[in-house]
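Numbering (full-length UniProt numbering), first residue to last: 1 to 164. Every residue gets a Cβ at the ideal spot worked out from N, C-alpha and C, and that includes glycine.
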Amino acid sequence: MKIICIGMNYAEHVRELPSVWDGSERPIPQAPVFFIKPDTALLRNNDAFYIPDFSNDVQYECEVIVKINRLCKGIDERYAHRCYEEVGLGIDFTARDLQRRCKAEGLPWEIAKGFDHSAAVSPVFIPKSELPEIQNLHFSMSLNGEQRQAGYTGDMIFSVDRII
1 MKIICIGMNY AEHVRELPSV WDGSERPIPQ APVFFIKPDT ALLRNNDAFY
51 IPDFSNDVQY ECEVIVKINR LCKGIDERYA HRCYEEVGLG IDFTARDLQR
101 RCKAEGLPWE IAKGFDHSAA VSPVFIPKSE LPEIQNLHFS MSLNGEQRQA
151 GYTGDMIFSV DRII
C-alpha cells in the first residue's frame with residue numbers, strides 16, 4: 001500500500017506558510033507537491049493518537065482522502081475519475097519543529113510527516129456516487145465541539161483528477 005499525499009494544494013494555506021529561507025511569501029506551486037507516508041503512518045478504526053515524544057509542535061490538518069482502487073499510473077486526466085470509487089476524510093499530523101529543521105538544512109522532511117500513526121483515516125468511506133462532484137465538497141473538523149478547520153475542494157489548486 002502507498003499513501004500518496006499532496007502538500008500545499010490550497011492557495012490560502014500556501015500563503016500562511018512563510019518561506020523557510022527568508023520569511024517571504026511562498027509562491028503558489030506550479031505542479032503538485034507530492035510526499036509519501038509509510039503504511040505504518042496509518043491510524044484507523046478511531047484508534048487514539050498519541051503525541052510523539054520527539055516533537056514539541058505537532059499540528060494537524062483535515063484532508064480529503066480519495067481511495068484509489070485500480071492501477072492509474074500515467075492515466076489522462078479526463079479518465080482519472082474511473083480510478084476511485086470512495087472518498088473519506090483524514091487527519092495529517094505533522095511535527096512542525098522537525099519539518100522546519102529539515103527544510104532549513106535541505107533535508108527530506110518525511111521524518112516530520114511519516115511517523116507512526118501520523119495519518120488518521122475515516123473509519124467509513126463514502127461512495128462517490130452518493131456525493132456531489134468531487135471538486136464541490138465542503139468538509140470540516142471539530143475538536144471538543146469547536147470547529148478548527150473548514151475546507152472546500154473547489155479551492156484546490158490542482159483538482160483530484162489532475163493529481164491522479
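Where H81 is concerned, there is no enclosing alpha helix (DSSP H), because DSSP gives it neither an H nor an E.
For E63, the number of other beta carbons within 10 angstroms of its own is at least 16, and it is reported as buried. Sorting D39, P108, I36, M8 by C-alpha distance to the C-alpha of R26 places M8 at the top. Shown here, I3 sits in a strand according to DSSP, grouped into three states. The continuous beta strand (DSSP E) containing V58 extends over residues 58 to 68. For I28, there is no enclosing alpha helix (DSSP H), as DSSP marks it with neither H nor E.
When the alpha-carbon of S159 is set against those of R44, A80, N56, the nearest one is in A80. Here the alpha carbons of R96 and E105 stand approximately 14 Å from one another.
Only buried fits I164, as 16 or more other CB atoms lie within 10 angstroms of its CB. L107 sits in coil when the DSSP states are folded into three classes, being neither helix nor strand. Non-local beta-carbon contacts of E61 in its own chain, meaning distances under 6 Å to residues more than five positions away in sequence, involve D92 in chain order.
Inter-residue distance for I3 and R15 is about 25 Å (C-alpha atoms, whole angstroms). According to DSSP, I91 shares a beta bridge with C62, A120.
Remark: three or more beta-carbon pairs, one from each stretch, lie closer than 8 Å, so the region 39 to 46 and the region 114 to 129 are flagged as touching.
With contacts defined by Cβ atoms closer than 9 Å, Q135 and G151 do not form a contacting pair.
Between the alpha carbons of Y10 and I157 lies a gap of roughly 6 Å. In this model, Q99 and W109 are separated by some 5 Å (Cα to Cα).
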